[in-house]
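Residue 184 in this note's numbering sits at position 121 of the sequence shown, with consecutive numbering throughout. C-beta: ideal position from N, C-alpha, C; glycine also.
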Amino acid sequence: MSAGIGAGWTSYLLPGIGVRERRLTVPLDRSGRLAGGVELLVRELVDPVRRDDDLPLLVYLQGGPGGANPRPLRRDGWLDVALRDYRVVLVDQRGTGGSTPLDGEVLAGLDARAGADLLACFRADSLVADLEEVRARVYGGRPWTTLAQSFGGWITLTYLSVAPEALRACYIAGGVPGTPPDAAEVYRRTFGRVAGRTREYYERYPADVDAVAAIADRLAEGDVLLPDGDVLTTHRFQSTGIDLGMKPGTERMHWFVEKAFARPGRLSAGFLQEAMVRTSQADGPLFWTLQESIYGHGANGPTGWAAQAERDRRPEFGPDRRPLLFTGEMAFPWMFEEIRLLRPFAGAVHELAERTEWSPLYDLERLAANEVPVAAVVYHDDMFVDSGLQLDTLSRVGSSQAWVTNEYEHDGIGDPRVFTRLRELVRDRGGEIR
Numbered sequence: 064m065s066a067g068i069g070a071g072w073t074s075y076l077l078p079g080i081g082v083r084e085r086r087l088t089v090p091l092d093r094s095g096r097l098a099g100g101v102e103l104l105v106r107e108l109v110d111p112v113r114r115d116d117d118l119p120l121l122v123y124l125q126g127g128p129g130g131a132n133p134r135p136l137r138r139d140g141w142l143d144v145a146l147r148d149y150r151v152v153l154v155d156q157r158g159t160g161g162s163t164p165l166d167g168e169v170l171a172g173l174d175a176r177a178g179a180d181l182l183a184c185f186r187a188d189s190l191v192a193d194l195e196e197v198r199a200r201v202y203g204g205r206p207w208t209t210l211a212q213s214f215g216g217w218i219t220l221t222y223l224s225v226a227p228e229a230l231r232a233c234y235i236a237g238g239v240p241g242t243p244p245d246a247a248e249v250y251r252r253t254f255g256r257v258a259g260r261t262r263e264y265y266e267r268y269p270a271d272v273d274a275v276a277a278i279a280d281r282l283a284e285g286d287v288l289l290p291d292g293d294v295l296t297t298h299r300f301q302s303t304g305i306d307l308g309m310k311p312g313t314e315r316m317h318w319f320v321e322k323a324f325a326r327p328g329r330l331s332a333g334f335l336q337e338a339m340v341r342t343s344q345a346d347g348p349l350f351w352t353l354q355e356s357i358y359g360h361g362a363n364g365p366t367g368w369a370a371q372a373e374r375d376r377r378p379e380f381g382p383d384r385r386p387l388l389f390t391g392e393m394a395f396p397w398m399f400e401e402i403r404l405l406r407p408f409a410g411a412v413h414e415l416a417e418r419t420e421w422s423p424l425y426d427l428e429r430l431a432a433n434e435v436p437v438a439a440v441v442y443h444d445d446m447f448v449d450s451g452l453q454l455d456t457l458s459r460v461g462s463s464q465a466w467v468t469n470e471y472e473h474d475g476i477g478d479p480r481v482f483t484r485l486r487e488l489v490r491d492r493g494g495e496i497r
């Protein structure tokens, strides 16, 4: 995987935002086992009237894994807050967005072991090394501040473990990993949360209990094809419940279910199109592919399809049960059999699930001695990242503060108040805001 280095910056304007961007190539595998490079897209956002000012840098760490940075349409939310004081840096994570893509076409030519070795180069340690290269080559080694959404918090703790001198302050929204990481413990906690969120959905829209059951009954008969030719199974339909962890996900689910039947017994084209978009992972195949690999750390053993193992212990999630329970941020082996864009990843993902040795992600002693200001919002009812695990980790990270709230779902970062409050927590202890 290789690409050329872009020459200089390209500049343009979005509404209320000055943009410039460039590309640079970094090593694929810094251990030297795999040759080649990956290209990174570096995009910088600034208030147009301050484009020539010497502003501090804020790098945004996108959720995922395998998530590209946001493509803003306007100046709002956390970005509006940030542009008042910072030059915002968006580096598309390797394999995503405008950076060199990693998709099924690449994996199709590799055997399972080679594919797993390649995927292992797309974890948080590689992402931090990429950011350090961008910081050195593009910004002259200037320290910067990070703002993390979800999986961005995983990246943050790796960053604090390996290069805290690069960081002025770290802000985290709904994304503090449990440490030491344990995939099985994560799913022991989150399956119950998804069941609870499904019940809340049905309590709000009681007619949807029967509507969802009718969809599941029709899918159980088989031969329901999505527009791309994949079969829509009941467990694939259940996976659309991931949206229940967002706002207004409950409402989106209600309207999705409402349009299911064009006529009795026949699912509508609109419903099938939306089901395909919600579940195909056309924009981000690394999301499910790396979902459990983010918990691999040192010699902590195989993740072993932890989500599937937990589901097997919970018969209430069976596709034949009614009311039907949805699932959330959980990767299952069937995804790599039934979803055409994920099938080329199957051998590599199964290989990763059995891997016993991983590159280390966290230095727990260094985190305990951390002096970089860290402020994290912990969403008490977060469906994806357990609040108890987040608080446990933060209790062992030096110079960290937690703001616990039930006002938001996992995507609370969209409210400008969230970033504002996190900055205030650090400011009130004498840090970061100049």
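Classify residue 208 as helix, strand or coil using the three-state DSSP reduction. Walking along the sequence shown from the start, residue 208 turns up at place 145. Three-state DSSP puts residue 208 in a strand.
With a threshold of 8 Å, are at least 3 pairs of Cβ atoms found where one atom belongs to the region 185-204 and the other to the region 349-358?
yes
Quiz item: Just to confirm, are residue 313 and residue 264 a CB contact at a threshold of 8 Å?
Solution: Taking the first residue of the sequence shown as 1, we reach residue 313 at position 250. Taking the first residue of the sequence shown as 1, we reach residue 264 at position 201. Taking 8 Å as the Cβ cut-off, residue 313 and residue 264 qualify as a contacting pair.
Practice problem: Check whether the Cβ atoms of residue 129 and residue 352 lie closer than 8 Å to each other. | Solution: Numbered from 1 along the sequence shown, position 66 holds the residue referred to as residue 129. Numbered from 1 along the sequence shown, position 289 holds the residue referred to as residue 352. Yes; because the gap between Cβ atoms is below 8 Å, this pair is in contact.
- Task: Indicate, with yes or no, if the ligand MG has a heavy atom lying under 7 Å from the CB of residue 369.
- Result: As for the ligand MG, it is missing from this structure, which has no ligand bound.
### Query
Between residue 444 and the rest of its own chain, which residues show a CB-CB distance below 6 Å, the 5 nearest in sequence each way excluded?
Residue 444 sits at position 381 when you count from the first residue of the sequence shown. Cβ within range, chain order: 469.
- Host alpha helix (DSSP H) of residue 479 (start-end): Looking up residue 479 in the sequence shown gives position 416. Counting along the chain, the alpha helix (DSSP H) containing residue 479 begins and ends at 479-490.
query: If we ignore side chains and look at the alpha-carbon of each, how far apart do residue 368 and residue 267 end up?
result: Here residue 368 refers to the residue found at position 305 of the sequence shown. Here residue 267 refers to the residue found at position 204 of the sequence shown. Cα to Cα, residue 368 sits roughly 33 Å from residue 267.
Own chain, CB closer than 7 Å to residue 204, minus 5 neighbours either side, in chain order: The residue given as residue 204 occupies position 141 in the sequence shown. These residues qualify, in order along the chain: 198.
Problem set entry | Unbroken alpha helix (DSSP H) run spanning residue 217, endpoints | By one-based count along the sequence shown, residue 217 stands at place 154. Note, residue 217: alpha helix (DSSP H), 215-225.
Q | residue 124: first and last residue of the uninterrupted alpha helix (DSSP H) it sits in | A | Translated into positions along the sequence shown, residue 124 becomes position 61. Where residue 124 is concerned, there is no enclosing alpha helix (DSSP H), although the beta strand (DSSP E) it sits in stretches over 120-124.
Checklist line | Cβ-based neighbour list, residue 507, same chain, cut-off 8 Å, excluding 5 preceding and 5 following | finding: Since the first and last residues shown for the chain are 64 and 497, residue 507 lies out of range.
Buried or exposed by the 16-neighbour rule on C-beta atoms within 10 Å, applied to residue 153: Numbered from 1 along the sequence shown, position 90 holds the residue referred to as residue 153. That one is buried.
Within the continuous alpha helix (DSSP H) that includes residue 466, where are the two ends?
For this step, residue 466 is matched to residue 403 along the sequence shown. Per DSSP, residue 466 belongs to no alpha helix (DSSP H); it is in the beta strand (DSSP E), 463-468.
Quiz item: Can you tell me the Cα-Cα spacing of residue 80 and residue 165, whole angstroms?
Solution: By 1-based counting over the sequence shown, the position of residue 80 is 17. By 1-based counting over the sequence shown, the position of residue 165 is 102. Cα to Cα, the separation comes out at about 29 Å.
Can you check which of these residues, 255, 235 and 435, is closest to residue 493 by C-alpha distance? As a position in the sequence shown, residue 493 is number 430, starting the count at 1. Ranking 255, 235 and 435 by Cα distance to residue 493 puts 435 first.
CB contact flag (residue 476, residue 141, <8 Å):
To locate residue 476, count along the sequence shown from 1; it is residue 413. To locate residue 141, count along the sequence shown from 1; it is residue 78. Contact flag set, yes.
>> Give me the residue from 394, 360 and 388 with the minimum Cα distance to residue 372.
In response: Within the sequence shown, the letter at position 309 stands for residue 372. The option with the nearest alpha carbon to residue 372 is 394.
Please return the same chain residues whose Cβ sits closer than 6 Å to the Cβ of residue 177, not counting the five positions on each side in sequence. Along the sequence shown, read from residue 1 onward, the residue named residue 177 stands at position 114. Nothing meets the Cβ criterion.
Nearest candidate by alpha-carbon position, reference residue 337, set 366, 319 and 350 | The residue given as residue 337 occupies position 274 in the sequence shown. When only C-alpha atoms are compared, the closest one is 319.
* **Under 8 Å between C-beta atoms of residue 440 and residue 237** => The residue you call residue 440 lines up with position 377 of the sequence shown. The residue you call residue 237 lines up with position 174 of the sequence shown. Result yes, Cβ atoms of residue 440 and residue 237 sit closer than 8 Å.
Among 223, 471 and 344, the one whose alpha carbon lies nearest that of residue 293: Against the sequence shown, residue 293 aligns to sequence position 230. Minimum Cα distance to residue 293 is reached at 344.
Can you name, in chain order, every residue of its own chain whose Cβ lies under 8 Å from the Cβ of residue 111, other than the five neighbours on each side?
-> Working through the sequence shown from its first residue, we reach residue 111 at position 48. Excluding residues within five positions, the ones whose Cβ falls inside 8 Å are 76, 79, 80 and 81.
Quiz item: Per DSSP, residue 90 forms a beta bridge with which residues?
Solution: By one-based count along the sequence shown, residue 90 stands at place 27. DSSP output for residue 90 lists 100 as bridge partner(s).
### Task
Could you tell me whether the Cβ atoms of residue 276 and residue 385 are closer together than 8 Å?
Translated into positions along the sequence shown, residue 276 becomes position 213. Translated into positions along the sequence shown, residue 385 becomes position 322. Cβ distance < 8 Å, so residue 276 and residue 385 count as in contact.
- prompt: DSSP puts residue 33 in a beta bridge; with which residues?
  reply: Absent from the model: residue 33. The displayed extent of the chain is 64 to 497, so no value can be given.
So, for residue 495: in the same chain, excluding its five sequence neighbours on each side, which residues have a beta-carbon less than 8 Å away from its beta-carbon? Reading the sequence shown from its first residue, position 432 is the one you call residue 495. Answer for residue 495: 208, 231, 232, 436, 486 and 489, listed in chain order.
With a Cβ-Cβ cutoff of 8 Å, do residue 272 and residue 330 count as a contact? Within the sequence shown, numbered from 1, the residue matching residue 272 stands at position 209. Within the sequence shown, numbered from 1, the residue matching residue 330 stands at position 267. Taking 8 Å as the Cβ cut-off, residue 272 and residue 330 do not qualify as a contacting pair.
- Query: For residue 447, which residues of its own chain have a beta-carbon under 6 Å away from its beta-carbon, when the five flanking residues on both sides are left out?
  - Reply: On the sequence shown, residue 447 is found 384 positions in, with the first residue counted as 1. Hits under 6 Å: 308, 392 and 473.
Taking all protein chains shown into account, decide if residue 311 is buried (16 or more other Cβ within 10 angstroms of its Cβ) or exposed. Numbered from 1 along the sequence shown, position 248 holds the residue referred to as residue 311. The residue is exposed, with fewer than 16 neighbouring Cβ atoms inside 10 Å.
Simplified DSSP state of residue 300, which is helix, strand or coil: Here residue 300 refers to the residue found at position 237 of the sequence shown. It is helical.
Of the listed residues 137, 117 and 245, nearest to residue 365 (C-alpha basis)
Reading the sequence shown from its first residue, position 302 is the one you call residue 365. That would be 245, whose Cα lies nearest to the Cα of residue 365.
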